[in-house]
Amino acid sequence: MNAVVTLTPAPVLDRTYLAEDLTVGKVNRAYEVHEYMSGKGLNVARTLHLSKHPVSAVLPIGMQDQYLLFSTPFPQILRIMPVQGRVRVNTTVVERGGRTTNINQQAIPFTTEDWRNVVETTLEQVSDMNADWLVVSGMHPKMIDTGLPIDLSELFSRARDLGARVGLDTSGPELKHWGRSGEVNLIKPNADELASLVGHELHTLGDVIEAGRELISTGLEIALVSLGPDGAIAITADDVVWASAVAPEVINTTGAGDAFLAGFLSQVVSPEASAAGREAGTLPALSPEAALTTGCSWGALAVSLPTTLISSFGDAPVAQLREVDPNYALLEKATVRY
Numbered sequence: 196m197n198a199v200v201t202l203t204p205a206p207v208l209d210r211t212y213l214a215e216d217l218t219v220g221k222v223n224r225a226y227e228v229h230e231y232m233s234g235k236g237l238n239v240a241r242t243l244h245l246s247k248h249p250v251s252a253v254l255p256i257g258m259q260d261q262y263l264l265f266s267t268p269f270p271q272i273l274r275i276m277p278v279q280g281r282v283r284v285n286t287t288v289v290e291r292g293g294r295t296t297n298i299n300q301q302a303i304p305f306t307t308e309d310w311r312n313v314v315e316t317t318l319e320q321v322s323d324m325n326a327d328w329l330v331v332s333g334m335h336p337k338m339i340d341t342g343l344p345i346d347l348s349e350l351f352s353r354a355r356d357l358g359a360r361v362g363l364d365t366s367g368p369e370l371k372h373w374g375r376s377g378e379v380n381l382i383k384p385n386a387d388e389l390a391s392l393v394g395h396e397l398h399t400l401g402d403v404i405e406a407g408r409e410l411i412s413t414g415l416e417i418a419l420v421s422l423g424p425d426g427a428i429a430i431t432a433d434d435v436v437w438a439s440a441v442a443p444e445v446i447n448t449t450g451a452g453d454a455f456l457a458g459f460l461s462q463v464v465s466p467e468a469s470a471a472g473r474e475a476g477t478l479p480a481l482s483p484e485a486a487l488t489t490g491c492s493w494g495a496l497a498v499s500l501p502t503t504l505i506s507s508f509g510d511a512p513v514a515q516l517r518e519v520d521p522n523y524a525l526l527e528k529a530t531v532r533y
């Protein structure tokens with residue numbers, strides 16, 4: 196079974212308030228509150244662990260905040276790297292009708308020594324687990340000494356030297372840089388992020404496919420694109436797979452993309468392909484069809500839950516493959532955001 200190592204460079208304490216309605220500028224009362232350690236990579240790792248996949252979640256945690264880990268689900272998958280500073284806090288208000296409001300704190304910057312230790316800890320996990328994937332998810336903190344975002348070049352190149360594929364789930368300028376760098380195998384943009392990567396609006400499924408193939412021409416292996424009400428599409432140099440699943444209800448969209456990515460990773464490399472690839476000294480072959488339907492199923496399940504914590508896949512809706520029609524008009528056109 197393929198192993199995955201995740202790195203969350205900017206983990207977070209998530210506070211989720213469930214309220215009837217949110218009225219800006221007024222006192223609002225929550226009927227339920229949840230608080231737990233989170234972050235995109237940790238969400239992916241927890242979901243993979245629930246599905247019995249070998250996974251390790253690397254978390255740089257402020258030395259004053261390690262007590263928070265005692266209340267974190269599945270602490271056995273955590274690999275903690277103590278760093279300076281306090282963990283950031285994200286606040287989510289989920290209204291009864293499903294509307295979600297997020298207030299997210301900026302990432303805590305790294306010292307040079309702390310970031311070097313995070314890189315080494317992550318690579319140790321990739322090596323020890325003989326991992327098929329290293330996935331770096333979420334916001335990229337800045338470096339204290341330069342004010343620039345963390346440099347992932349060494350981490351990516353050494354992970355690939357160890358035989359792991361590299362997945363990246365982020366946004367903004369960092370996604371634009373690394374998505375075209377040739378140093379990652381997989382990115383997971385939404386439609387607007389994909390439009391921003393290629394610099395123009397996307398109106399049809401054919402536009403999305405062309406944009407994905409443009410990125411693949413720069414060295415990317417998989418563009419895994421979430422399309423909102425149109426499901427999701429996986430684009431490689433040779434294949435295009437389109438699928439969707441209907442959520443039983445929409446309660447909280449936070450973390451749905453992480454569940455989607457976890458589902459995709461859980462199936463994209465079969466145990467047989469992984470073993471054969473390693474024996475031959477090559478990267479194992481990918482299976483995007485099963486991976487995409489699983490990802491869509493888990494993502495649809497996630498939006499029907501009040502928090503990012505999935506406890507069971509028993510109620511996950513069944514996803515369906517769709518016939519790829521390049522002329523299909525997207526229900527929501529994708530616009531350039533940055």
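For the working numbering, count along the sequence shown from 1 and bump the result up by 195. Ideal Cβ positions, reconstructed from N, Cα and C, are used throughout, including at glycine. No experiment lies behind these values; they were computed from the predicted model shown.
Look at residue i and residue j and say whether their C-beta atoms are less than 8 Å apart.
i    : j    : result
G458 : L415 : no
Y534 : L422 : Here the chain comprises residues numbered 196 to 533, so residue 534 is not present and cannot be evaluated.
S266 : Y231 : yes
L392 : L419 : no
S492 : V513 : yes
G450 : A438 : no
F351 : V321 : no
V228 : D260 : no
G362 : W328 : yes
How should residue i be labelled, buried or exposed, when 16 other C-beta atoms within 10 angstroms of its C-beta is the threshold for buried?
i    : result
A480 : exposed
E388 : buried
V330 : buried
K247 : exposed
L318 : buried
P443 : exposed
K221 : exposed
M334 : buried
D510 : exposed
A432 : exposed
T201 : buried
V219 : exposed
S412 : exposed
R360 : buried
Helix, strand or coil: how does DSSP classify residue i here?
i    : result
V464 : coil
F305 : strand
T448 : coil
A486 : helix
V321 : helix
E396 : coil
V519 : coil
S233 : strand
V228 : strand
V239 : helix
V253 : strand
S352 : helix
A454 : helix
Out of the options, which one is the CA nearest neighbour of residue i?
i    : options                : result
S332 : R353, V498, A240, S439 : A240
V314 : I275, G426, T489       : I275
H395 : R210, V250, L245, Y533 : Y533
T242 : R281, M324, L456       : L456
L526 : W310, A386, P336, H244 : A386
I339 : L357, P249, V199, D309 : D309
V441 : K337, D346, T489, S506 : T489
A429 : Q271, S461, E484, P466 : E484
Please tell me whether, using a cut-off of 7 Å, the distance from the CB of residue i to the nearest non-hydrogen atom of the ligand NAP is below it.
i    : result
A495 : This structure lacks the ligand NAP, and indeed carries no ligand of any kind.
Three or more C-beta pairs below 8 Å linking the stretch 197 to 207 and the stretch 245 to 259: At 8 Å Cβ cutoff, the stretches touch.
At least 3 beta-carbon pairs within less than 8 Å: the stretch 485 to 504 vs the stretch 360 to 379: With the cut-off at 8 Å, the stretch 485 to 504 and the stretch 360 to 379 do not touch.
Touching by the beta-carbon criterion (3+ pairs, under 8 Å), the stretch 280 to 289 and the stretch 298 to 307: Yes, since at least three Cβ pairs between the stretch 280 to 289 and the stretch 298 to 307 fall closer than 8 Å, the two stretches touch.
Spell out a yes or no on whether the stretch 397 to 412 and the stretch 476 to 495 are touching, meaning 3 or more CB-CB pairs, one atom from each, closer than 8 Å. No, the stretch 397 to 412 does not touch the stretch 476 to 495.
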